[in-house]
Structures are given as structure tokens and as C-alpha cells.
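>
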Amino acid sequence: MILETKNLSKSFGQRKAVDGLNLEIPEGSVYGFLGPNGSGKSTTIRMMTALILPDEGEVFIQGNSVQKMGNKALTHVGALIERADFYKHLSGETNLEMLARIDGTDFSRIQYVLGRIGLGKRGHDKVKTYSQGMKQRLGIAQALLSNPKLLILDEPTNGLDPQGMKEVRDLIRDLSSEGITIFISSHLLDEVQKVCSHVAMINLGKLITTGEVNTLLTDSGFLITEVSVDQTDIAHDLLKVQGWVHQCDIVDDKLRVSLGKDHISEMVQMLVQNDIQVSAVIPRTSLEDLFLSKVGTESVIV
Amino acid sequence: MIGLIYNELLVITGRWRSYIGFIGISILMPLFLWGFTYGGESIHDQYISQLGDSFMVVGSIFNSFLATYIVMNALWIHIPFLVTLAAGDAVAADGASGIFRITLIRSVSRLKILVSKLFASYIYTASLLLLCAFWSLGIGSLVLGTGDLIVIDKGILILDQSEAWVRMTLAFSLAILVMCTVATLCFMFSAMVNNSVGPIIGTMFLIIVGYLVIAIPLDFFDKIEPFVFVTYFDVWIDAFKDPIPWGDIIRKLGILIFHSTLFFGIAAVVFLHKDIKT
């Protein structure tokens, strides 16, 4: 494991932000870290990066305790924590030079990382002239600066337009293919599902579930299926009164049915028996569905 | 460490607030020099009236050394405020602006970052006083000329020109060390909070309280005076005594260094255990 948390806990006053969190992040994985607002994601990440001291527990990076070794344990770690903030009166390049000076990184990396995130031509401009998206890219650049083996990204696509989000997604895939482990926290579940191999979900500071994305989706006790029928309204009325159907909605003239896996054939049989032609039954379970089933609809991610 | 200090100096020189002190000094000092050039007769007459009975004075005793001595006395309350403008920002501004989220996650200890910020504040402090020296002694020498320095304190001390240069150098060196104590106090407050105004107000408040303790002749104040670090701020005046009271200077500097160490120690303990939530 490249990153582990053991019984990690942190309270702010009476509020327990993180409660006995145990995570194991395999080397080479792209690990999604999900939870609603205020669930303790950022506090956990800040404890991983030595910004916040835990009340209990430890974070281990490549076997080294962050709490015992301090920042030395972060030698091979790059991180972008929430919004990217820099010295606005200095250029992007000067900001990176300052950071390179801090951890002794070769200056030749600066142009490389600026080019890699598409800021090569704007490196000389002052940060105050950058858009939010550009600042976020610069944030990713500083995370890559020290050639990390573990990249911790907290909401890396904040402030990016759809094109920028796709570029970050592609970058994450590229970095992963280069062997860099990526721990990514995001509220965009669709984004996470597209890039992550593993995922952990937390709520109220506690771990809800963790594992490989495909396994979690397959092993979840229910399925979201998209059902195409010739009489959508009648089918909808029929299904929603069935005890084994958790939820049934009409979306784009198709039925979106949440039900147990072992009830699919029963559903099709019932529809056919009621003279409804079924043209397609497609599994559409998403990470969002899984998340909502685990965390509850009252904690919908904004 | 040099690289880290260079980083901090880049930050200080990039903030316009850092130039307030330099601009202020560069406006005030020429005004003083102009005032001494065209209105120095009254000061000259005042000195002559005190010297006339004992000495025969030929020519003018008014020169850049005397002007510097007077200016140092006059500005002694104001310079600490200028010093706090950079020291107050040193830690608090990075906390407020979220910069710590990209600097404190790197493989360098917080203590090193803190020490580099302190040294950068010291360099800024020294620069302010050196600018004062440049104006009063450098430009002042061109405008007012040089000569013997006559100091009237608990007696009359006349220092010839070469000795006056040495004493001025010593006085400014001591002044820099005193102001570094002010910078460290402000730095301590800066490590405790996430805004830059609090440390400036806190530091100036303590200094003013210190001056009041010294100035108000109450028995209780007299008892606590030795423990108030402001008491030792006038150590630079010892540079103009004859003979130079090295014992007193070393004792006073020791007390100021003790205070600086204490202030930095508190800053370090706070900063090393601080949760970065901004």
C-alpha cells in the first residue's frame, strides 16, 4: 500500500469530523474518495498532507508515518488541496520556482509541468491575470512539480469548463499509466467513475464502503436498469406498485427502474404478460446510484 | 535555507505594503534635512546657549551627525510601526491567502519555513534602518556637512568626526537589533492568527504600554520596568556615552535577545501545532 490511514480521527470542538477512518490505497491505483459536503473528506486529506494533526491514528505514506516523520514522509507526494492559491503578484513560473526551491526540485521541471497542463505560454504572466481554471491548472502543475509517486487531488476539476475537466481526466489517466498513484476527492461522481479504479465513500467522518469500482457496482444488492417499452406510462404505473421495485422513474421516455438483480426476469415477464413490448433492458447502475443507496438521499452531493 | 529566505524576500518585495516604510522614510528624511538646513539655527542657538559658558564655539556645530542623533531620538516611536508592516504579514498573510496549502505540504519542515520568514523579516527591518542611515548620514553629509558631534545628555560629550562615524555605526547596529526584537514580537502574533492587522495592533499596543510603564513615575511601574523589554530599547544611546558602557550594552542586548528567543519560541510552538484550515 502506498497510502494507509489507521484509525484516523479528528474533532473540531464537539464535532467529530473524521471518526476512526481506515483506508488502504494500493500502489498504481486511481482511488476516488467520495462523500457529501462536510463528510470529512478535506479534513482527511489535510491530515494525509500534514496540514492538520489528527487527534488519534496515523497516516502512512510508503510505510512512513506522516505524524512521526513530519513532512519528510511527503517527499514523493504531490497534492492540490481544494482551491489553488498562489502569490497573485508573482508570475506562475516564479510561484513554481519558489516551490521548487522549498523542496529542492530541479528548475527544469517547471517548464515541463507548465507545458503538461497547457500553461507553457502563460507561465510568465502574473497569477492575478489568470482565470480560475488556469489557477486550478497551475495548482495541478505545482502538485506534479516534485515528480511525485503519489498524487493527492482534492476537487481538482473545480473551476474548470467541460473541456478543462476532460483534459484533467485525460491527464489523470496518463499519469496513472505512468505508474503514479492518484488519490482523488471529487463531488463529481460521474467524473470519478470515469477515471477511478477504486473508491471509498465516507459520511459523517466514517467509512461507508470501499473497494474496486467494478466490484462495488457488481456486488451491490440492486441494479438500476434502463427499460425501453412501447407503453411507458402504463409500464411505469405497473412497476411502481411492485414491492420489489425500489424506485421507478420515466427519463427521456424510458423507464429507469431500481430493483434487486434477481427481479429482472420477473419484471420483464410481468411487462410482457400485460401486453407491453420490451425492446431493451440495459443495466445503468452508476457510482451515484451506489453512493445514494449507501449514504442516503438526504446527503445528496451538491 | 538561503533559497527559502530568498523566497520570503520575493514575497515581501512583491507586496506594496512593504514599501510604505521605505516611502515614508524617503519623504520624512528629506523634509528633516530641509528643515535642519533652513530652520536649524534655533537648534544651533539652543546648543550654544548650553555650551557658551564652558566652550568657545567657532563655526557651526550643526551637521549630519547631530541631525542624525536628533532624528533617531524623534523617530524612535515610529520606526517600530514600519517594522511591523512586514513582520505582521510574514506568517498570517500566507495563512489567510491559502498559500500554506501549497507550501506546507512539501518535504520541508515547518520550522525551516518559519525561520526563513523570521530572517526575511529581519532583513526587511535592517533595510529600513539602513535607509534611515543612508538619508541622515549619507545624504545628510552632503547637505549639512560633517564635523564634530556634540552630545548633551547627562554631560557634554564632544566626539571628533572619525569617532562620530564609529559611534553612529554602533548606534545603528544596536538600533537594528532593537527593532529585530520588535519584528520578532510582531512575528509571534503573526504566527498565532490569520490576519495581518492583529499582529500590528498587538505589537504597537504592547510597545505603547511599555513606554507608559517607563514614563509614568509610579512605584509599581518602577518595579516591573526591568521586566519590560521596551525599557531596553534605548540601548543605542549608549553608543554616544564616554567611555562606551560595553557591560550595559551587552546586558541590555542579552535581555533583548532573550525576549526575541522567547517570542520566536512561542511562535514556533504555535505554528508547529497549528491546523491549517484556511
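As you go down the protein sequences, you meet chains A and B in turn. Residue numbering for the first sequence follows this note's numbering, starting at 921 and increasing by one per position. Residue numbering for the second sequence follows this note's numbering, starting at -12 and increasing by one per position. Every residue, glycine too, gets a C-beta built ideally from N, C-alpha and C.
Check whether the Cβ of F1006(A) lies closer than 9 Å to any Cβ atom in chain B.
By this cut-off, F1006(A) is an interface position.
> Could you check whether L1124(A) and S959(A) sit closer than 9 Å to each other, using their CB atoms as the reference points?
Contact: yes.
> Can you list, in chain order, the residues of its chain whose CB lies under 7 Å from that of V165(B), leaving out five sequence neighbours each side?
Result list for V165(B): F220, V222, W223, L243, in chain order.
> Within a Cβ cutoff of 6 Å, which residues of the same chain sit near I1092(A), ignoring the five residues on either side of it in sequence?
Around I1092(A): I1102, V1115.
> If we count the other Cβ atoms within 10 Å of its Cβ and call it buried at 16 or more, is K99(B) buried or exposed?
Exposed is the call here.
> Going by other Cβ atoms of all chains shown within 10 Å of its Cβ, with 16 needed for buried, is M(-12)(B) buried or exposed?
Looking at its Cβ environment, which holds fewer than 16 other Cβ atoms inside 10 Å, M(-12)(B) is exposed.
> Whole angstroms are fine: how far does the CA of L943(A) sit from the CA of S1096(A)?
Approximately 19 Å between the Cα atoms of the pair.
> Alpha carbon to alpha carbon, how far is L105(B) from Y34(B)? Give it in angstroms, no decimals.
Cα to Cα, Y34(B) sits roughly 42 Å from L105(B).
> For the alpha helix (DSSP H) that contains C1168(A), what are its first and last residues?
Run containing C1168(A): none in the alpha helix (DSSP H); it sits in the beta strand (DSSP E), 1165 to 1171.
> Does any C-beta atom of chain B lie closer than 9 Å to the C-beta of T1077(A)?
For T1077(A), the answer is no, since every Cβ of chain B falls outside 9 Å of its Cβ.
> Distance, Cα to Cα, R1042(A) vs A1061(A)?
Each residue's Cα considered, the two are about 13 Å apart.
> Mapping DSSP to helix, strand and coil, what is D81(B)?
D81(B): helix per DSSP, three-state reduction.
> Looking at the structure shown, is A54(B) part of a helix, part of a strand, or coil, going by DSSP?
Three-state result, A54(B): helix.
> Check each candidate in S84(B), C173(B), I137(B), L146(B) and name the one with the smallest Cα separation from L72(B).
L72(B) has its Cα closest to that of C173(B), out of S84(B), C173(B), I137(B), L146(B).
> For a contact defined as C-beta to C-beta under 8 Å, what are the partners of R2(B) on chain A?
Neighbours of R2(B) on chain A, chain order: H1009.
> Taking a Cβ distance cut-off of 7 Å, strictly less, list which residues of the region 210 to 240 of chain B are near chain A, in chain order.
Under the 7 Å Cβ criterion, the region 210 to 240 of chain B contributes no residue.
> Counting only beta-carbon atoms, is L920(A) nearer than 9 Å to chain B?
Outside the shown range of chain A, which is 921 to 1222, sits residue 920(A), and nothing can be said about it.
> Considering only the alpha carbon of each residue, which of I1170(A), H1044(A), Q1083(A), T1129(A) lies closest to V1147(A)?
Among I1170(A), H1044(A), Q1083(A), T1129(A), the Cα nearest to that of V1147(A) is on I1170(A).
> Let me make sure I understand the geometry here. Which of G1053(A), M1121(A), D975(A), V979(A) has the alpha-carbon closest to that of L954(A)?
Here the closest residue by C-alpha is M1121(A).
> Determine which residues of the region 976 to 996 of chain A have a Cβ less than 9 Å from any Cβ of chain B, and write them out in chain order.
So the list reads G990, N991, K992, A993, L994, T995, H996, given in the order they occur along the chain.
> What would DSSP say about A1200(A), mapped onto helix, strand or coil?
Strand.
> Could you check the C-alpha separation between I187(B) and G8(B) for me, to the nearest Å?
Using only the alpha carbons, I get a separation of about 14 Å.
> Quick one, which of L1191(A), S929(A), R935(A) has its alpha-carbon nearest V979(A)'s?
Considering only alpha carbons, the answer is S929(A).
> Would you report the Cα separation of V196(B) and F68(B), rounded to the nearest angstrom?
Spanning the two alpha carbons is a distance of roughly 14 Å.
> Could you tell me which uninterrupted alpha helix (DSSP H) segments, each at least 4 residues in length, are contained entirely in the region 1090 to 1158 of chain A, listed from first to last along the chain?
With a minimum length of 4 residues, the continuous alpha helix (DSSP H) runs that stay inside the region 1090 to 1158 of chain A are 1109 to 1115, 1133 to 1139.
> Does any C-beta atom of chain A lie closer than 9 Å to the C-beta of F87(B)?
Closer than 9 Å to some Cβ of chain A, the Cβ of F87(B) qualifies, so yes.
> Do I965(A) and K1069(A) have their C-beta atoms within less than 9 Å of each other?
Cβ atoms of I965(A) and K1069(A): not closer than 9 Å.
> Given F133(B), which residues of its chain have a CB within under 7 Å of its CB, disregarding the five upstream and five downstream residues?
Per the sequence presented here, residue 133(B) reads as Thr, with Phe not at that position. Here the set comprises N50, S51, F52, Q148.
> Using a Cβ-Cβ distance under 9 Å, would T925(A) count as near chain B?
No, T925(A) does not count as interfacial toward chain B.
> Considering only their Cβ atoms, is the gap separating S949(A) from H1118(A) smaller than 9 Å?
Yes, they are a contact pair.
> Within the 9 Å Cβ cut-off, does Y6(B) reach chain A?
With 9 Å as the cut-off, Y6(B) does not count as an interface residue toward chain A.
> Can you grab the Cα-Cα spacing for the pair R935(A) / A80(B), in whole Å?
Cα-Cα distance, rounded: 28 Å.
> How long is the line joining the alpha carbons of I211(B) and Y198(B), rounded to whole angstroms?
Cα-Cα distance, rounded: 12 Å.
> Which residues, in order along the region 252 to 265 of chain B, keep a beta-carbon less than 8 Å from a beta-carbon of chain A?
The residues in question are H260, D262, I263, K264.
> Rounding to the nearest angstrom, what Cα-Cα distance links K961(A) and T0(B) in this structure?
Taking the straight line joining both Cα atoms gives about 37 Å.
> Please determine, among K1046(A), L973(A), E1111(A), K1126(A), the residue with the shortest C-alpha to C-alpha distance to E1208(A).
Minimum Cα distance to E1208(A) is reached at E1111(A).
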